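Single-structure report; data block below.
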Amino acid sequence: MSRDLVNLASGGKARYEIPTGRFDGRESLASSVDLPGPQMSVADTFEMFEKRNLDLTDMVLLLGGHTIGVTHCSFIKDRLHNTQEPDPAMDPKLVKELRRQCPENSKQNNAINLDQNVSSSNIVDASFYKQIKSGRGILQIDAQLATDEMTEQIVTDLAEGDDFLARFGQAMVKLGLFGVKNKDTGEIRKSCRSCKNRFCTA
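See below:
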């Protein structure tokens, strides 16, 4: 599913092959999802990726998935209104735009594009890296990727290079190799949407 969506959003340029013949899990719970938080540091985020056998470059590539998609005002209000002052790392023009979309005392939780290039916010490409290098990262972790000494050069290489799509696919395949189920821990479903075992939780 993810592969096909990425390929579609890249205009057919990001197709990559993934291993087949895998077992499906026996449970799928939202409470079991273990993703890095938007305000985590680069070091803490990398610690999560490293536990999944992913290196620093893999992490930066996979966070490049933010080239499409949205977040909501509730996740970035601290960057806009913290002690009445915005995050100094954020482009002042972007701060002004976001404060208009995310007023401090508003009850609305508007959606904000993670890639602020309006001509590319629904396209999988390297635009995301160019945006965060320009101080236009929306999430704190995205903004930090462009300035942290651990990841700054990787971001620059991806922003200036032309191989993001191929490398993103490789990182996705590598991510998919972690925690693969076998006959003892998984099952083969006739329908991806429903568990074969009646005790399965979804």
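Take the position in the sequence shown, starting the count at 1, then add 83; the result is the number in the working numbering. By construction, the Cβ of each residue, glycine as well, lies at the ideal position given by its N, Cα and C atoms. Predicted model only: the values in this text are computed from it and were never measured.
Selected residue, minimal CA-CA separation from residue i, among the options
i: glutamine 223; options: Leu181, Asp161 and Ala249; result: Asp161
i: threonine 239; options: Ile215, Thr154, Pro119 and Ile206; result: Ile215
i: isoleucine 155; options: Thr268, Ile195 and Glu235; result: Checking the sequence, you will find histidine at residue 155 rather than isoleucine. For histidine 155, the nearest C-alpha among the options comes from Ile195.
i: threonine 140; options: Phe261, Lys264 and Phe247; result: Phe247
i: aspartate 225; options: Ile206, Gln199, Ser203 and Gly244; result: Gln199
i: glycine 220; options: Lys134, Asn205 and Leu197; result: Leu197
i: asparagine 136; options: Gly269, Ile271, Asp267 and Lys257; result: Lys257
i: threonine 150; options: Glu270, Glu235, Ser202 and Phe261; result: Ser202
i: isoleucine 101; options: Ala254, Glu133, Gly269 and Lys264; result: Ala254
i: glutamate 133; options: Phe261, Asp267 and Gly152; result: Phe261
i: glycine 152; options: Ile206, Lys190 and Leu118; result: Ile206
i: cysteine 185; options: Ile159, Lys176 and Ala172; result: Ile159
i: serine 217; options: Pro175, Leu118, Asp138 and Lys264; result: Pro175
i: alanine 172; options: Gln227, Leu118 and Met131; result: Gln227
Cutoff 6 Å; reference residue i; Cβ partners in own chain excluding five residues on either side
i: aspartate 170; result: Arg162
i: histidine 164; result: Glu187
i: serine 157; result: Asn192
i: isoleucine 237; result: Thr140 and Val143
i: serine 295; result: Any question about residue 295 goes unanswered here, given that the chain covers just 84 to 285.
i: valine 178; result: Pro169
i: aspartate 138; result: none
i: leucine 181; result: Leu163
i: aspartate 267; result: none
Cβ-based neighbour list, residue i, same chain, cut-off 8 Å, excluding 5 preceding and 5 following
i: leucine 91; result: In this predicted model, leucine 91 has a pLDDT of only 48, less than 50, meaning its place in the structure is not dependable; the value taken from the coordinates is given anyway. Answer for leucine 91: no residue qualifies.
i: glycine 147; result: Ala209, Phe211, Tyr212, Leu241, Phe247 and Phe251
i: glycine 244; result: Ala209
i: phenylalanine 129; result: Leu139, Met142 and Met233
Cβ shell of residue i (< 7 Å), same chain only, five flanking positions each side left out
i: arginine 250; result: Leu144
i: glycine 120; result: none
i: methionine 84; result: For methionine 84, the pLDDT reaches just 46, beneath the cut-off of 50, and the residue's location in the model is therefore unreliable, although a value from the coordinates is still provided. The answer is none, since no qualifying residue turns up.
i: methionine 131; result: Pro119
According to DSSP, residues forming a beta bridge with residue i
i: alanine 194; result: His155
Below-8 Å beta-carbon distance, residue i vs any chain D residue
i: aspartate 127; result: Absence of chain D from the displayed structure is noted, only one protein chain being present.
Taking 8 Å as the cut-off, does the stretch 121 to 139 touch the stretch 224 to 243 (at least 3 CB pairs, one atom from each stretch)? Taking a cut-off of 8 Å on C-beta distances, the stretch 224 to 243 touches the stretch 121 to 139, as three or more cross pairs fall below it.
Curious, which full-length alpha helix (DSSP H) runs of at least 4 residues does the stretch 158 to 187 contain? Qualifying alpha helix (DSSP H) stretches, in chain order: 160 to 164 and 175 to 184.
Which runs of the alpha helix (DSSP H), 4 residues or longer, sit entirely within the stretch 201 to 277? Taking 4 residues as the shortest admissible run, the stretch 201 to 277 contains the following complete alpha helix (DSSP H) segments, listed from N- to C-terminal end: 210 to 216, 223 to 228, 235 to 243 and 247 to 259.
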